[in-house]
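Engineer: One structure coming up, written as structure tokens, with questions to follow.
In my numbering, the protein residues as written are 96 to 177.
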């Protein structure tokens, strides 16, 4: 496996956990929750301290997963008046 494939292998789904949303290594921590914490300004170190089992690579996997998902979406930038 290459580096990105190894990271993405950390993202799993289980229909019995959060309705099958992407989670980290089978734990009850959704990728969207990690992304939300980062977007709110939490640092990776803060997140890691809050989840003893979480590893830095898990956070990188969430970011890679998000990049891959949005890479396949078209996002229109907001129009501004100039």
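A virtual CB, placed ideally from N, CA and C, is assigned to each residue, including glycine. Every value quoted in this text rests on a predicted model; they were computed, and no experiment measured them.
#1: Which runs of the alpha helix (DSSP H) at least 4 residues long sit entirely within the region 102-139? Give them in chain order.
#2: Go to residue 150, then tell me how far its alpha helix (DSSP H) extends in each direction, as first and last residue.
#3: Report the three-state DSSP secondary structure of residue 166 (helix, strand or coil).
#4: Alpha carbons only, please: which of 129, 134 and 136 is nearest the one belonging to residue 146?
#5: Got a sec? Which residues, its chain only, sit under 7 angstroms from residue 122 by beta carbon, not counting five neighbours each side?
#6: Taking 8 angstroms as the limit between beta carbons, can you name the residues of its chain near residue 118, skipping five residues before and five after?
#7: Where residue 139 and residue 114 are concerned, what is the direct C-alpha to C-alpha distance, given to the nearest angstrom?
Structural biologist: Put simply:
#1: Counting whole runs of 4 or more residues, the region 102-139 contains the alpha helix (DSSP H) stretches 126-134.
#2: Run containing residue 150: none; DSSP gives neither H nor E here.
#3: In the displayed model, residue 166 falls within coil according to three-state DSSP, outside both helix and strand.
#4: Ranking 129, 134 and 136 by Cα distance to residue 146 puts 129 first.
#5: These residues qualify, in order along the chain: 148.
#6: Within the same chain, 106, 107, 108, 109, 112, 124, 125 and 126 come within 8 angstroms of residue 118 by CB-CB distance, once the 5 residues on both sides are set aside.
#7: For the pair residue 139 and residue 114, the Cα-to-Cα distance works out to about 26 angstroms.
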